[in-house]
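Residue numbering for the sequence shown follows the working numbering, starting at 80 and increasing by one per position. C-beta atoms are modelled at their ideal positions from N, C-alpha and C, and glycine is treated no differently. Note that the structure is a prediction, hence the values are computed from the model and not measured. Notes to accompany the following structure.
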Amino acid sequence: MSAMVPNPTVRDDRAAEAAAAIARGWVRWYCGLVGTEAAERRRAEIESDLWEQRADARGSGRRSPIVAGSIAWRVVGGMPDDLLWVRTQRLAMRGQRADRKASAMNTLGHTLARWWWVAGAAMFAAIYLYFGIDNLVGAYAPLIEGAIQCVVYATLLVVGIALRVKAPRTSAVLITAGVAPSLGLWWAPILPVLAAVIVVGALIEVVRTSAPGVAPRLGGALGAFLLGVACALPGIGLPLLLAFGIAAVVAAVGIGLVVATRARDAHVPQAPVATA
């Protein structure tokens, strides 16, 4: 009896299906924030798009890492647009009338002005995914340590983007931590410049959502930046144990500052009691 040899086509399809499952999970999560009819249409559109992409990949003979990486790249890169779609659908669910169109457009413009750095974070998450895959399957692979770092940074950014609606301060802190390591990419000068702009945008959001007062707001921004420094330390060439030791101390200080300066719950005044 001859030994069974794994079918490479099946293996490729499994990798693509795993990436597609991640895409479906993301779509399922954010579609849960809107009405059933709009959610069903969106899920059907994404499912059709995934089927077409995989069919095209099979027809052109592209390998598993390419297909899976492409799907993951599109998921991460499209997250800001997906969340803006949620925002638009939720406005529609509130039954805004035609004569309030200008108000809705102003709200959307305000949202875009406050979300530009989130789109940049999605771009860096996609870049990290690309380099993580390259570290696993590229010309110099496998570079396990580099792949792990890229996955960690991408995860911070993806979670930060996903929390943008419900936990904006936590979102900004995670995005700062995830993008800050790119400030040291001296071999690609445009990336540190873009990273600096995105970090500034996220830190402004941390300041805006911190407890009132100059000291708490500066402390919150410093704490978020220290978390970014902690994430970057393992990649600057120090001995691994030393880098992780320093990173743990810096991260502890950063987390302490972020927690200590979190915004206080807004005081909601009680309605006056009617008297006879």
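For Leu163, the enclosing alpha helix (DSSP H) covers residues 158-172. In this structure, DSSP gives Arg341 an extended state, which the three-state scheme calls strand. The criterion of a C-beta distance shorter than 7 Å is not satisfied by Pro268 and Leu262. A distance of 7 Å or more separates the beta carbons of Gln168 and Val106. Following the DSSP letters along the chain, one finds Val237 inside the alpha helix (DSSP H) bounded by residues 223-241. Per DSSP, the beta bridge partners of Ser289 are Arg341. In this model, Val252 and Gly217 are separated by some 32 Å (Cα to Cα). In the three-state scheme derived from DSSP, where H, G and I count as helix and E and B as strand, Gly148 is classed as helix. The continuous alpha helix (DSSP H) containing Pro247 extends over residues 247-258.
Taking 7 Å as the cut-off, the beta carbon of Ala102 is found closer than this to the beta carbon of Val154.
Take Pro221, set aside five residues on each side of it, and the residues of its chain with a beta-carbon closer than 8 Å to its own are Asn214, Leu215, in chain order. Judged by their CB atoms, Ala274 and Val286 are not nearer to each other than the 7 Å cut-off.
Leu319 and Arg133 have their alpha carbons spaced roughly 40 Å apart. Around the beta-carbon of Ala303, 16 or more other beta-carbon atoms lie within 10 Å, marking it buried.
Around the beta-carbon of Trp196, 16 or more other beta-carbon atoms lie within 10 Å, marking it buried. Nearest to Val278 by alpha-carbon distance, out of Ile325, Phe210, Thr255, is Thr255. When secondary structure is reduced to three states using DSSP, Tyr219 falls in the coil class, being assigned neither helix nor strand. If you draw a straight line from the Cα of Asp128 to the Cα of Leu336, it comes to about 44 Å.
In the structure shown, the three-state DSSP call for Val278 is helix. Nearest Cα to Gly280 within the set Val238, Glu116, Pro247, Leu163: Pro247. In the three-state DSSP reduction, Gly299 falls in the helix class (H, G or I).
Your pair Ala98 and Ile150 checks out as a contact, with CB atoms roughly 4 Å apart and the cut at 8 Å.
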